[in-house]
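S.K.: Numbering (the numbering used here), first residue to last: 1080 to 1160.
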Amino acid sequence: MRPSRKPARPSTHWLNGWAPTIVDISAERGNAAVEASSIYGKIVGHPAALNFGDCFVCGCAKVFGVPLICKGDDFSRTDLA
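#1: Beta-carbon within less than 8 Å of residue 1132's beta-carbon, same chain only, minus the 5 sequence neighbours each way: which residues are those?
#2: Which stretch, first to last residue, makes up the alpha helix (DSSP H) that contains residue 1112?
#3: Nearest to residue 1160 by alpha carbon, out of 1142, 1127, 1135 and 1143?
#4: Please name the residue, chosen from 1092, 1123 and 1138, that lies closest to residue 1102 on a Cα-to-Cα basis.
#5: Taking residue 1150 as the reference, which of 1141, 1136, 1121 and 1142 has the closest Cα?
#6: Report back the beta-carbon spacing between residue 1107 and residue 1142 to the nearest angstrom; my notes put them in contact at under 8 Å.
#7: Tell me which residues share the same chain as residue 1130 and place their Cβ nearer than 8 Å to its Cβ, disregarding the 5 neighbours each side in the sequence.
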């Protein structure tokens, strides 16, 4: 048996000074996610190849008019770049 490892504790130091909020997916935000999927989704073969979770992030950012703080270059191939 392999020795068990303690799960890593997520680092939240980068959130200092921010006020993150959990938001519900309203009809407006859901529609924005579906629209993002129809443009940038894997299913349509766009180079960004966003999965549906990414499309929710994209849709919420558009509705709220805020920038994305994501790693990787998937979103750089969207109109939010």
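We put the CB at the ideal spot given by N, CA and C, even for glycine.
M.R.: Well, looking at it:
#1: Same-chain partners within the cutoff: there are none.
#2: Residue 1112 -> alpha helix (DSSP H) spans 1106-1119.
#3: Answer by Cα proximity: 1127.
#4: With distances taken between CA atoms, residue 1102 lies nearest to 1138 out of 1092, 1123 and 1138.
#5: It is 1136.
#6: With 8 Å as the limit, residue 1107 and residue 1142 qualify as a contact, their Cβ atoms being about 6 Å apart.
#7: Once the five neighbours on either side are set aside, the close Cβ partners of residue 1130 are 1120 and 1121.
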